[in-house]
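Trainee: Note that my numbering has the sequence shown beginning at 64, numbered continuously upward.
Virtual Cβ for every residue (Gly too), placed ideally from N, Cα, C.
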Amino acid sequence: MNLAKISANGQITVPIEIRRLLGLKSGDKLLFFQKQNGEVVVSNASAQAIRKAQASFAGAAEVMGVTSEDDVQALVDEIRCERGK
64 MNLAKISANG QITVPIEIRR LLGLKSGDKL LFFQKQNGEV VVSNASAQAI
114 RKAQASFAGA AEVMGVTSED DVQALVDEIR CERGK
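1) Between which residues of its own chain and THR76 is the CB-CB distance below 7 Å, once the five residues before and five after are set aside?
2) If we count Cβ pairs, one from each stretch, closer than 8 Å, do we get three or more for the stretch 70 to 88 versus the stretch 103 to 118?
3) How long is the line joining the alpha carbons of ALA71 and ALA110, rounded to whole angstroms?
4) Give the DSSP-derived three-state secondary structure of GLN97 in the structure shown.
5) In this structure, how does DSSP classify SER89 when only helix, strand and coil are distinguished?
6) List the endpoints of the continuous beta strand (DSSP E) containing VAL103.
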């Protein structure tokens, strides 16, 4: 269990153990949301956004025929070439 004190400005210092657990670093944003049972959950907003994006793109590589790092590089090169025109 970790305890944090709220300052007069409503700021808190997140304990180091929690920062490590959530993978937080300076400048990161926290996401607070309340579950139906009233429990408030705190998560790393950046990590949450990345997981959501990864889920959205799941399967896209297979559809595009991208199966290796070389395929990714070829796709990036192609896009750069098209934008350079």
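Mentor: The short version:
1) ALA67
2) yes
3) 29 Å
4) strand
5) coil
6) 103 to 107
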